[in-house]
Amino acid sequence: ISENLKMAFFILRKAEKMGGLFYILKHVIPQKQQALVFAATKHHVELLVNVCNAAGLDCCPVYGSMDSASRKINIAKFRARKVRFMIVTDVAARGID
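So the number in our numbering is just where the residue sits in the sequence shown, counting from 1, plus 458.
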């Protein structure tokens, strides 16, 4: 594991989760850093990607049932730093190194 990796875990009330995520993505994570955001299901990933993109946060999805070409394209975008945030399910994230 890279010594540059930072991990954080936040506990929020259900009603505060979306606002808390936006606050963290916009104000806590430095502009030059990237982040992985884990979501429970494919549907949660898609919802978060749509809402984040609408809020001006560049992000892309990766989940297990996504076709492999799309998954590879989105992972490549993240690795090339074309997007700051990648929203993933835990199953999909197992193949990211």
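The C-beta atom is built at its ideal place from N, Cα and C for all residues, glycine as well. Note that the structure is a prediction, hence the values are computed from the model and not measured.
- For the pair N532 and C510, the CB atoms are not nearer than the 8 Å cut-off.
- Relative to G522, the option among L470, A493, I545 and G514 whose CA is nearest is I545.
- Note: M544 is bridge-paired with L494 and C518 in the DSSP secondary-structure output.
- Here the C-alpha atom of A498 lies approximately 6 Å from the C-alpha atom of T547.
- Spatial neighbours of V541 in its own chain (CB-CB distance under 7 Å, excluding positions within 5 residues in sequence) are listed in chain order as D516, C517, C518 and K535.
- In this model, K475 and E461 are separated by some 28 Å (Cα to Cα).
- The alpha-carbon of S526 is positioned some 26 Å away from that of L463.
- Distances from the CA of A513 to each of F468, R471 and L483 were compared; the closest alpha carbon is that of L483.
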